[in-house]
Amino acid sequence: MDLSPQTGGGGGVHIGPTPVLHLESLSKTYPGQVALDGAHLEVLPGEVHALVGQNGSGKSTLIKLLGGYIQADHGSLVRFDGRPVDLWSLHHADRHRIRIVHQDLGLVPTLSAIENLGLGRGYITAPGGRIRWRAEAARAQELLLRFGLAPDVRQPVGTLSAAEQAAIAIVRALQDWDEDGTGLLVLDEPTASLNRREVEALFREVRRVASLGAGVLFVSHLLDEVLDLADRVTVLRDGKVVASGVPTSDLDQRALVDLIVGRAIDDLYPTVMAPPSGTPVLEVEQLFGITLRGVSFKIHRGEVVGIAGLVGSGRDEIASAVGGMSPRFAGKVLVDKRKVFASPRDSLRAGIALVPADRKALGLDPEDRLADHVVLPRLGGFQRHTRLQKRALRADAAEWVEHLDVQPPLLDRRLGKFSGGNQQKAVLARWLRTEPRVLLLDEPTQGVDVGAKAAIYHQIAESAREGLAVLIASSDAEELVHLCDRVLVLRAGMVSAELAGPSLTEERLVAETLGATSDRKNLKVAREPVLFTVIRDDADVAEPEPEPETPAPDIVSAPEPAVGGRLSAMVRRAVARFRPKRS
Numbered sequence: 001m002d003l004s005p006q007t008g009g010g011g012g013v014h015i016g017p018t019p020v021l022h023l024e025s026l027s028k029t030y031p032g033q034v035a036l037d038g039a040h041l042e043v044l045p046g047e048v049h050a051l052v053g054q055n056g057s058g059k060s061t062l063i064k065l066l067g068g069y070i071q072a073d074h075g076s077l078v079r080f081d082g083r084p085v086d087l088w089s090l091h092h093a094d095r096h097r098i099r100i101v102h103q104d105l106g107l108v109p110t111l112s113a114i115e116n117l118g119l120g121r122g123y124i125t126a127p128g129g130r131i132r133w134r135a136e137a138a139r140a141q142e143l144l145l146r147f148g149l150a151p152d153v154r155q156p157v158g159t160l161s162a163a164e165q166a167a168i169a170i171v172r173a174l175q176d177w178d179e180d181g182t183g184l185l186v187l188d189e190p191t192a193s194l195n196r197r198e199v200e201a202l203f204r205e206v207r208r209v210a211s212l213g214a215g216v217l218f219v220s221h222l223l224d225e226v227l228d229l230a231d232r233v234t235v236l237r238d239g240k241v242v243a244s245g246v247p248t249s250d251l252d253q254r255a256l257v258d259l260i261v262g263r264a265i266d267d268l269y270p271t272v273m274a275p276p277s278g279t280p281v282l283e284v285e286q287l288f289g290i291t292l293r294g295v296s297f298k299i300h301r302g303e304v305v306g307i308a309g310l311v312g313s314g315r316d317e318i319a320s321a322v323g324g325m326s327p328r329f330a331g332k333v334l335v336d337k338r339k340v341f342a343s344p345r346d347s348l349r350a351g352i353a354l355v356p357a358d359r360k361a362l363g364l365d366p367e368d369r370l371a372d373h374v375v376l377p378r379l380g381g382f383q384r385h386t387r388l389q390k391r392a393l394r395a396d397a398a399e400w401v402e403h404l405d406v407q408p409p410l411l412d413r414r415l416g417k418f419s420g421g422n423q424q425k426a427v428l429a430r431w432l433r434t435e436p437r438v439l440l441l442d443e444p445t446q447g448v449d450v451g452a453k454a455a456i457y458h459q460i461a462e463s464a465r466e467g468l469a470v471l472i473a474s475s476d477a478e479e480l481v482h483l484c485d486r487v488l489v490l491r492a493g494m495v496s497a498e499l500a501g502p503s504l505t506e507e508r509l510v511a512e513t514l515g516a517t518s519d520r521k522n523l524k525v526a527r528e529p530v531l532f533t534v535i536r537d538d539a540d541v542a543e544p545e546p547e548p549e550t551p552a553p554d555i556v557s558a559p560e561p562a563v564g565g566r567l568s569a570m571v572r573r574a575v576a577r578f579r580p581k582r583s
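Oh and the sequence shown: position 258 is 258 in full-length UniProt numbering, straight run, nothing missing.
1. According to DSSP, is L531 part of a helix, a strand, or is it coil?
2. Would you mind stating whether L107 and A72 have Cβ atoms separated by less than 8 angstroms?
3. Keeping to the same chain, check which residues put their C-beta closer than 7 angstroms to that of S343; ignore five residues upstream and five downstream.
4. Assuming F329 contacts V495 under a Cβ cut-off of 8 angstroms, what Cβ separation, rounded to an integer in Å, is found between them?
5. Determine whether the beta carbon atoms of L428 and R369 lie at a separation below 8 angstroms.
6. Just tell me which of I290, K425, E47 has its CA closest to the CA of P247.
7. Y30 lies in the beta strand (DSSP E); which residues open and close that run?
8. What's the gap between the Cα of I100 and the Cα of R384?
9. Please classify L440: does DSSP put it in a helix, a strand, or coil?
10. For the region 469-489 against the region 306-315, do three or more pairs of beta-carbon atoms, one drawn from each stretch, fall closer than 8 angstroms, so that the two count as touching?
11. Between which two residues does the beta strand (DSSP E) containing P344 stretch?
12. Tell me the DSSP secondary structure of D188 in three-state form.
13. For A243, list the residues DSSP reports as bridge partners.
14. When DSSP labels each residue in this structure, what does A558 get in the three-state scheme?
15. Measuring alpha carbon to alpha carbon, tell me which of R208, L376, S112, A167 ends up nearest N195.
16. From E303, P327, V355, A319, pick the residue whose C-alpha is nearest to that of T445; which is it?
17. Confirm, please, whether the CB-CB distance from I98 to L66 is below 8 angstroms.
18. Pull up the distance between the alpha-carbon of V242 and that of I456, whole angstroms please.
19. Which residues in the same chain as S463 place their Cβ atom closer than 8 angstroms to its Cβ, once the five residues preceding and following it in sequence are excluded?
20. Roughly how many whole angstroms lie between the Cα atoms of L256 and L223?
21. Could you check how far apart the C-beta atoms of V34 and D81 are, in whole angstroms? I think they sit under 8 angstroms.
22. Please classify R121 as buried or exposed, where buried requires at least 16 other C-beta atoms within 10 Å of its C-beta.
23. Measure the Cβ-Cβ separation of L185 and V233 and say whether it is below 8 angstroms.
24. Would R301 and V281 be called neighbours here (beta carbons separated by less than 8 angstroms)?
25. Under the three-state reduction of DSSP, which class applies to D537: helix, strand or coil?
26. Can you give the beta carbon distance from V43 to I260, rounded, assuming they're within the 8 angstroms contact cut?
27. How many angstroms separate the CA atom of P553 from the CA atom of R146?
28. I'd like the ranges of any beta strand (DSSP E) spanning at least 3 consecutive residues and lying wholly in the region 353-432.
29. Report buried or exposed for P45, applying the criterion of at least 16 other Cβ atoms within 10 angstroms of its Cβ.
30. List the endpoints of the continuous beta strand (DSSP E) containing G122.
31. Evaluate contact between the region 156-163 and the region 117-135, counting only Cβ atoms and requiring at least three cross-stretch pairs below 8 angstroms.
32. What did DSSP end up calling T18 once you bin it into helix, strand or coil?
33. Going by alpha carbons, who is nearest to L480 out of V78, L468, L499?
34. Taking all protein chains shown into account, do 16 or more other C-beta atoms lie within 10 angstroms of the C-beta of A497, making it buried, or fewer, making it exposed?
35. Express the C-alpha separation of V284 and A562 in angstroms, rounding to a whole number.
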């Protein structure tokens, strides 16, 4: 199979349709770093072209260049629809209809979906310039229904779920394509917050846009999605193109991984050892939170337990609730039989380390230096009287940076300059250095390349072998199946299933997560809160499943939480909202 660059370079005569986008000798140099080194790429009209590579390979730099946020080095060539563009800028990107959905979405959280969809495009106005809000609302609802969503379009987007916010950002980019198909759509990790059904809806819309003649550049770390959606793929490694325009029909996941990493990764997932029995390290008893409704479980020394579930099921809250970062309305958390109060400080004292899902907002300060970030939770250990022992601090930080293979290992470099995968490894190093008893991981590999994933997976296994109790909350079923000894499935804030041993398969886990298993007919579980309505092909809206009448004998119904008189009325209402219904 020929993986050599197939386009660009040499100035040869192009055969075939005029590319929507042609990049040649594209370079970008920062002080002390070459982010892109002579990259070339062609996106043809009507095709979905995937761009893949490890964190730090140059993908984000290329997207910023396309958007006009930064300028390429002298000698770089950009052609759009066959016409050369000398100075690429935000104006050129807008005029040529380049629409980019970034990882950070670019939504204004205080504005509604209506207002966010109108930004850039403009609004429907009446004579005199008055905005026709009813018409805007109808248009917003129509666009979101096409995507299979029906949220309140007048509600501030900051109050919506992560999946709904991602969908609004995607719809905002897609709304330009109705009949005229010219332009380029760039999707940067668009499916990170979407469930399987929403991903399928997105792929339908992307294929529709491509069928109109637009070019689509799809950036993702999820290789199964790349092979499913894309027609061709280009691979970046260390700022250089190592494979250009390769048909995805010629690749499988293993071949694509080898191209991305530059070596074979035969041991992406480590060998999971049988956990020792004994006294539980972590005990969670009847935990109630914002979406949690009486969750109970135990984790033993050296055991890895996974948490699966859809958005809003409680999966995305469980780690932060146990770690004291989000409120607990009732229930107990114990470490080594000692009660842990609902605060990050008490959790840290008890030996709980939390690696949050949103590392940029909750896990690190981009202005911090790497060495300071790693040692901060135990900074007092380097103080003698009033002086800070900087040499010992840096030596300790360097040891952990080497242990987690943070690249580049520059202790004075600010965290915002590192790639996403290396930021995640730095966050993990920070909390492992505290020598915890319990390690809580919330979406530990979200937005992380395959090479960094392998490093993180092996560190998780090593931590378990050293005796840590590990909890992994993840939307990646494959990840949970390969890493965990047991997986708890949450629905409507309650544990609806526990899978272990032969029953812990990816197919069974996905079925349990979606509530599609046949053996659930006798299990009484409150229906999930409706985050949005999914539109079916054969009906206006999906009909809710009737609630089963008989509770399963092996599932203990959660008791009502004890609400003390000192709790505020707001908290009492929140608790009452999530109480289990009486039979």
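By construction, the Cβ of each residue, glycine as well, lies at the ideal position given by its N, Cα and C atoms.
Nothing here was measured: the structure is a model prediction, and the numbers come from that model.
To lay it out plainly:
1. Caution is warranted here: a pLDDT of 34 is assigned to L531, below 50, making its placement in the model unreliable, and no coordinate value can be reported.
2. no
3. G324
4. Actually they do not touch by this definition, with Cβ atoms about 17 angstroms apart.
5. no
6. E47
7. 21-30
8. 51 angstroms
9. strand
10. yes
11. Segment 344-349 is the alpha helix (DSSP H) holding P344; no beta strand (DSSP E) there.
12. strand
13. V235
14. For A558, the predicted model reports a pLDDT of 37, less than 50, meaning its position is unreliable; a value from the coordinates is still stated below. DSSP places A558 in coil when its eight states are reduced to three.
15. A167
16. V355
17. yes
18. 25 angstroms
19. L432, L439, V470
20. 8 angstroms
21. 29 angstroms between Cβ atoms; not a contact.
22. exposed
23. no
24. yes
25. Bear in mind that the predicted position of D537 carries a pLDDT of just 35, short of 50, making it unreliable; the figure below should be weighed with that in mind. The answer is coil: DSSP assigns D537 none of H, G, I, E or B.
26. Actually they do not touch by this definition, with Cβ atoms about 19 angstroms apart.
27. Below a pLDDT of 50, predicted positions are generally treated as unreliable, and P553, at 35, falls in that range; the measurement from the model is reported next regardless. So the alpha carbons of these two residues sit roughly 42 angstroms apart.
28. none
29. buried
30. Counting along the chain, G122 falls outside any beta strand (DSSP E), and DSSP gives it neither H nor E.
31. no
32. coil
33. L499
34. buried
35. Reliability fails at A562, whose pLDDT of 39 lies under 50, so the model's placement of it is uncertain and the value that follows must be treated cautiously. Cα-Cα distance, rounded: 16 angstroms.
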